[in-house]
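Peer 1:
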Ligand code: ARG
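Residue numbers (the working numbering): 25 to 484.
(1) Kindly identify the DSSP beta-bridge partner or partners of residue 293.
(2) I want to check one thing, is the minimum distance from the CB of residue 138 to the heavy atoms of the ligand ARG below 7 Å?
(3) CA-CA distance, residue 110 and residue 244?
(4) Measuring straight from C-alpha to C-alpha, what distance separates residue 61 and residue 478?
(5) To the nearest angstrom, how far is it from the Cα of residue 271 to the Cα of residue 467?
(6) Put residue 468 into one of helix, strand or coil per three-state DSSP.
(7) By how many angstroms is the C-alpha of residue 208 removed from the C-alpha of residue 216?
(8) Work out the CA separation of residue 389 and residue 410 for me, nearest whole Å.
(9) Can you tell me which residues form a DSSP beta bridge with residue 179?
(10) Counting only the same chain and skipping the five closest in sequence on each side, list residues whose C-beta sits under 6 Å from that of residue 456.
(11) Using CA atoms only, rank isn't needed, just tell me which of 288, 317, 177 is closest to residue 387.
(12) Would you give the residue range spanned by the alpha helix (DSSP H) that residue 212 belongs to?
(13) Measure the C-alpha to C-alpha separation of residue 147 and residue 214 and round it to an integer number of angstroms.
(14) Express the C-alpha separation of residue 257 and residue 346 in angstroms, rounding to a whole number.
(15) Quick check on this structure: which residue in 405, 407, 33, 439 has the alpha carbon closest to the alpha carbon of residue 421?
(16) Can you give me the start and stop residues for the alpha helix (DSSP H) that residue 110 sits inside?
(17) Taking contact to mean at least 3 C-beta pairs separated by less than 8 Å, is the stretch 308 to 324 in contact with the stretch 354 to 367?
(18) Per the DSSP calculation, residue 246 is bridged to which residue(s)?
(19) Can you list, in chain order, the stretches of the alpha helix (DSSP H) that have 4 or more residues and sit fully within the stretch 401 to 484?
(20) Leaving out five residues before and five after residue 418 in sequence, what residues of the same chain have Cβ atoms less than 8 Å from its Cβ?
(21) Which residue or residues does DSSP assign as beta-bridge partners of residue 27?
(22) Would you identify the three-state DSSP class for residue 237, choosing helix, strand or coil?
(23) When you compare only the Cα positions, how much space is there between residue 237 and residue 219?
(24) Identify whether residue 174 lies in helix, strand or coil by the three-state DSSP scheme.
(25) Starting from residue 91 and walking both ways along the alpha helix (DSSP H), at which residues does that stretch end?
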């Protein structure tokens, strides 16, 4: 049987493989709500412009509402032979309202239709992701406020560097997440133009009111060039770029959780809620959720690469290649949502081992910089020279196998005679973090203030 929608030119139906490669209904069915909303807006506008009769518009709207509830109640039978969501909906509309259904597609093509539907879907998804990211930030800032004074080792090169507070570390991720939300908001702002009314590629001869449909669908304005409107997928690329960067941030934290929960490190514990066991090794507590968050980043970045590569060779305007924009994006954005939810859960769940953190913070001569700073401040020694003196003191401590604060004053004076007892005040990790009061620094009072600032912003 030839196709109901375009059968006029065709004598027979497609090969089974043609049908299989062509069908997108298995994934674009997720656009059903946006498709129906956009069709209702289009029909209403056609009637207002006198392009179709008001009665036809009314029965189209009624039929579309019926289809919406059929789909939501799981009573709709999606057919692969009908290729995609647009034709599945239109075909069912014909069953319900008869010939009036045939007027819905006046002055419209699936090319502007799918561009409109997918923009709406991406916009809705951005809103869901933004709310989830705000929840993640809230979990981080809440935990940070509780741990403004909890000292932990700060690392560079994953080598103990200087003591920081656990709260400060958590707030670093709040800042990253704020930038992620900014990127999504930016993508959302740029995507918010309505392609509806661009037709297949050239516009239409009917007197449409594109402002009306744009407004009805919550778009800021109609797109200004019909060729661009139907062949643009920047909104997918931008959203996946924002998603990829967000996923990279989640993955970095997930990697830290994997390291911190390793028994040889043991800075943090996850409860039974976010660990799994081993089928053979009874002692195991594996951070599978963190590992999977780390891995989801791969899929999300893969989807970004996928769409960039699909688009890069396409001449204007629409080509069927563009149907491949949805599967990867839908998969990636749902992977991102799951990763955000898992990280939010793990942040609330994690319990730092405060004693171990504090001990680890002092290992590896982590307050050596504090000692050098003391030499600068108290003895007015130039920093480079203070660095050298401190290096010799560290070497001495290493030789004796003791931490810096276990050296005697005499030991220190052997290296620099002017050193006094006062130096021991800066060698504790607690005093070290307390002293880091520069704006953005790790001092508990800064961390408390920043956590409070964020919680206030997030409460809005
Ligand atoms: N399913 C198609 C897609 O997602 C809809 C547009 C089809 N347009 C066409 N000219 N074949 O891209």
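Where is the CB? At the ideal position from N, CA and C, for every residue including glycine.
Peer 2: Well, looking at it:
(1) For residue 293, which the question treats as bridged, DSSP gives the partners 375.
(2) Yes, the beta carbon of residue 138 sits closer than 7 Å to at least one heavy atom of the ligand ARG.
(3) 24 Å
(4) 37 Å
(5) 29 Å
(6) helix
(7) 12 Å
(8) 15 Å
(9) 184
(10) 187, 391, 394, listed in sequence order.
(11) 177
(12) 190 to 215
(13) 10 Å
(14) Between the alpha carbons of residue 346 and residue 257 lies a distance of about 8 Å.
(15) 439
(16) Looking at the DSSP string, the run of the alpha helix (DSSP H) that includes residue 110 is 109 to 121.
(17) yes
(18) 218
(19) 407 to 424, 433 to 439, 453 to 459, 468 to 483
(20) 389, 392, 428
(21) As DSSP reads the structure, residue 27 sits in no beta bridge.
(22) DSSP places residue 237 in helix when its eight states are reduced to three.
(23) 10 Å
(24) Reduced to three states, the DSSP call for residue 174 is coil.
(25) Residue 91 -> alpha helix (DSSP H) spans 78 to 96.
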